[in-house]
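There are 2 protein chains.
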Amino acid sequence: MGETSLRVAMRDHPQGMVSEGDFLVEQTPRPAPGPGQALVRVRHLSLDPYMRPMMNPVRSYVEPLKPGQTMPGATVGEVVESNEEALPVGAHVACMLGWQEYGLVTKDAARIVDLDPGDISLALHVLGMTGATAHYGLLHLGDPKPGETVVVTAASGAVGSVVGQLAKIKGCRVLGIAGGPEKCRYVTEELGFDECLDHRADDFEQRLAELTPDWVDILFENVGGPVLDALLPRMNDHGRVVLCGNISDYNRDEPYGLKGISHLLLHRVNVYSFVIADHRDYWPGAIGELAGWVKEGRIRFREDVAKGGLKGAPSAFISMLTGRNFGKQLVEVAPANVASPAGN
Amino acid sequence: MGETSLRVAMRDHPQGMVSEGDFLVEQTPRPAPGPGQALVRVRHLSLDPYMRPMMNPVRSYVEPLKPGQTMPGATVGEVVESNEEALPVGAHVACMLGWQEYGLVTKDAARIVDLDPGDISLALHVLGMTGATAHYGLLHLGDPKPGETVVVTAASGAVGSVVGQLAKIKGCRVLGIAGGPEKCRYVTEELGFDECLDHRADDFEQRLAELTPDWVDILFENVGGPVLDALLPRMNDHGRVVLCGNISDYNRDEPYGLKGISHLLLHRVNVYSFVIADHRDYWPGAIGELAGWVKEGRIRFREDVAKGGLKGAPSAFISMLTGRNFGKQLVEVAPANVASPAGN
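Given below as structure tokens:
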């Protein structure tokens with residue numbers, strides 16, 4: 001039919017900070033579904049920090065990207081053509097189509113999203129991967145007890161914002177750490193954390209000591225680097241570090257040298273690392289529980305949506321990696337009126 | 001009676017590498033036991049790396065030492081005077097009398113050691129704290145499975161040597177890391193590790209990669225620093241790091257900056273920290289099991305005994321911290337014929 005689908009690929013492995021020149025934006029032929037397949041028109045693409053280390057040619061839990069490969073990513077969209085009964089035309093689905101306008105899925109590679117069209121983007125964050133990550137990391141690994149002190153870095157981010165609100169639900173005292181006064185205000189005033197510190201402030205370490213008089217029982221760590229080094233000496237005996245991200249290293253040529261390892265030993269602190277994709281069985285229960293709290297208004301969130309289609313994805317991605325986004329970073333690949341399956 | 005007891009105290013907090021001038025050696029009056037107390041003549045003093053961080057004025061799981069305080073430490077000796085039925089004169093006991101010739105204990109502060117006089121020093125290592133540490137750290141936290149690859153740093157040391165032999169008993173492939181060819185030969189030829197690498201060798205990192213083709217499932221870490229940084233990229237998915245010591249940092253003014261934290265995340269590696277003193281209930285079972293393996297010749301050990309009395313403790317301690325000892329570092333505070341309670 002000559003119909004096309006825009007895609008964004010990695011041009012080459014970036015050196016240090018990623019730039020728009022590291023991406024390739026091009027039109028490709030729109031694929032047709034084969035037997036058991038459905039064609040999905042992507043409405044929203046999720047941009048997440050994990051994508052950055054995948055661009056490095058380093059052994060990891062996923063294959064590193066090769067130059068010319070389409071950038072990966074979680075997406076939500078609507079089925080527009082189908083040869084698969086379980087994925088009827090008009091269905092809303094969450095799937096991993098990456099940075100492209102159209103893609104093919106089988107029923108095992110797509111999850112039907114039972115949400116209103118206006119809300120399907122939630123399946124990309126609070127009711128999707130980042131929500132499940134927050135739930136598993138804090139509640140399953142961190143095991144918070146009422147009255148414990150929980151510190152969350154990248155507190156205004158997609159994972160951190162849910163972690164802190166879950167810790168409040170569990171009766172903990174919650175200190176967020178974020179970049180800049182505007183994010184800190186959001187974390188305390190809108191998300192309800194007890195306190196939030198700006199890690200860029202001159203008196204950050206002094207304020208951190210003042211605000212953790214009973215030490216830190218659980219550190220939910222998304223950032224790493226100097227902020228982690230400031231936090232390790234504040235850990236309580238038998239504290240837990242949930243290591244979820246290390247975003248401060250993703251754009252360094254040379255990783256940060258962490259000096260505070262001895263504090264783990266001095267205070268018998270365990271460090272738990274995980275990737276939520278390893279725990280697929282955990283998702284439905286966690287997302288069901290989160291959906292209830294979202295409905296009750298006990299878990300709030302913010303989206304930062306880059307409009308104007310897929311070609312804006314590289315600059316939105318760079319913005320997120322440097323902390324300029326505010327809320328869960330999404331790209332609106334197709335506006336609602338275009339993507340809605342009117343007439344089907 | 002005018003009888004004396006030599007003691008060694010910390011003169012002041014050392015700066016960086018500890019030196020003999022940081023210690024004070026002096027005669028003190030020998031104490032007399034009060035009600036419920038026994039006087040112990042120390043036969044052997046154990047020197048251990050944990051003593052070094054205690055000399056720094058830093059919050060830890062123990063109170064830091066104050067200038068003028070007697071150096072702490074585990075000891076074995078014999079009861080020479082007693083007002084406590086449970087500790088009769090002539091009994092062999094393990095207790096924490098520190099760097100002194102005589103000291104008072106109550107029954108709660110001393111463990112009767114059921115060993116021949118020639119073997120009571122074993123209660124200071126393989127059948128004492130370091131043995132229990134190796135047992136708890138490897139078997140309880142590391143949970144080794146047959147066929148897994150276990151790496152042990154400071155492999156010829158008091159903890160490391162037992163860890164590697166326990167891993168062999170559990171059917172693992174065991175790679176030791178030690179300083180120098182003589183220690184490496186001991187680790188493979190006498191202790192029966194599969195391989196041992198000299199971390200000072202020029203080709204250390206290359207050989208490490210060659211000898212861990214299936215990656216590392218358990219890293220039992222006593223050393224930290226650059227050796228740990230070389231090991232982190234070799235960790236297997238779902239590997240475990242048992243963090244037992246960080247000896248390479250103990251004498252630095254500035255801690256080493258660890259660059260490999262991202263590998264924990266990439267491979268979902270957990271890090272477990274512990275102090276065996278927290279787990280007193282675990283000791284009897286572990287030491288009983290170890291005693292059986294020692295008797296069967298399945299766990300071997302070596303002692304490095306500084307002769308000539310307590311005044312040699314500072315130089316033996318410095319020697320241990322710089323890796324010049326070979327085997328469990330002890331000080332013979334009183335020779336066997338002097339300490340034996342002949343005539344009682």
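Residue numbers (the UniProt record's numbering), protein chains in the order written: chain A, 1 to 344; chain B, 1 to 344.
For each residue, glycine too, the CB sits at the ideal point set by N, CA and C.
Check	Outcome
Cβ neighbours of residue 242 of chain A in the same chain (closer than 6 Å, five flanking residues each side left out)	137, 141, 142, 220 and 272
Cα-Cα separation, residue 133 of chain A to residue 146 of chain B	32 Å
Strand pairing of residue 77 of chain B, partner residues [DSSP]	B:42 and B:93
Where residue 32 of chain A falls: helix, strand or coil (DSSP)	coil
Residues bridged to residue 270 of chain A (per DSSP)	A:240
Inter-stretch contact at 8 Å, needing at least 3 Cβ pairs: the segment 49 to 56 of chain B / the segment 101 to 111 of chain B	no
Residue span of the beta strand (DSSP E) that contains residue 286 of chain B, given as start and end	Not the beta strand (DSSP E): residue 286 of chain B falls in the alpha helix (DSSP H), residues 283 to 295.
Contacting residues, own chain, Cβ-Cβ under 8 Å from residue 96 of chain A (five flanking each side not counted)	72, 73, 74, 75 and 109
C-alpha gap between residue 121 of chain A and residue 44 of chain A, whole angstroms	6 Å
Proximity to residue 165 of chain B [Cα-Cα], best of B:181, B:126, B:198 and B:200	B:126
Chain B contact residues for residue 218 of chain A, given Cβ-Cβ distances below 8 Å	The premise fails here: residue 218 of chain A is roughly 15 Å from chain B at the closest Cβ pair, so nothing lies under 8 Å.
Where residue 243 of chain A meets chain B, residues with beta-carbon distance less than 7 Å	264 and 265
contact_flag[the segment 156 to 176 of chain B, the segment 293 to 302 of chain B] where n(CB pairs < 8 Å) is 3 or more	yes
Bridge partners - residue 103 of chain B, DSSP secondary structure assignment	B:40
Supposed close pair residue 171 of chain B, residue 155 of chain B - CB separation, criterion 8 Å	Not quite, the Cβ-Cβ distance comes to about 18 Å (not below 8 Å), so this is no contact.
Whole-angstrom distance between residue 254 of chain A and residue 196 of chain A, CA atom to CA atom	29 Å
Reduced DSSP secondary structure (H/G/I, E/B, other) of residue 343 of chain A	At residue 343 of chain A, the pLDDT of 35 sits below 50, so the modelled position is not reliable; the number obtained from the coordinates is stated separately. Coil at residue 343 of chain A, not helix or strand.
Straight-line Cα distance separating residue 16 of chain B from residue 249 of chain B	10 Å
Unbroken beta strand (DSSP E) run spanning residue 299 of chain A, endpoints	Looking at the DSSP string, residue 299 of chain A is not in any beta strand (DSSP E), and its letter there is neither H nor E.
Opening and closing residue of the alpha helix (DSSP H) in which residue 317 of chain A lies	313 to 321
Selection from A:286, A:227, A:151 and A:245 that minimises the alpha carbon distance to residue 260 of chain A	A:227
Interface flag, residue 228 of chain B vs chain A, CB-CB below 9 Å	yes
Per DSSP, the bridge partner or partners of residue 176 of chain B	B:152 and B:196
Cα-Cα separation between residue 54 of chain B and residue 181 of chain B, rounded to whole angstroms	31 Å
For residue 134 of chain A, the three-state DSSP class (helix, strand or coil)	helix
As assigned by DSSP and simplified to three states, the class of residue 328 of chain B	strand
Other residues of its chain near residue 64 of chain B: CB distance less than 7 Å, five sequence neighbours each side excluded	54, 56, 57 and 58
Against chain A: residues of the segment 263 to 294 of chain B by CB proximity under 8 Å	264, 265, 266, 267, 268, 269, 270, 271, 272, 273, 274, 275 and 278
Burial state of residue 78 of chain A, where buried means 16 or more other Cβ atoms lie within 10 Å	buried
Nearest candidate by alpha-carbon position, reference residue 312 of chain B, set B:238, B:322, B:327 and B:332	B:332
Amino acids of chain A, ordered along the chain, whose beta-carbon sits closer than 7 Å to that of residue 224 of chain B	261
Residue-chain proximity (residue 325 of chain A, chain B), Cβ-Cβ < 9 Å	no
is_contact[residue 254 of chain B, chain A] using C-beta, thresh 9 Å	yes
Residue 236 of chain B at chain A interface by Cβ criterion, 9 Å	no
CB of residue 19 of chain A within 9 Å of CB of residue 318 of chain A, strictly	yes
Chain A contact for residue 342 of chain B (CB, 9 Å cutoff)	Only weak support is given to the placement of residue 342 of chain B: the predicted model assigns it a pLDDT of 38, under 50, and the value that follows is read from those uncertain coordinates. Not an interface residue.
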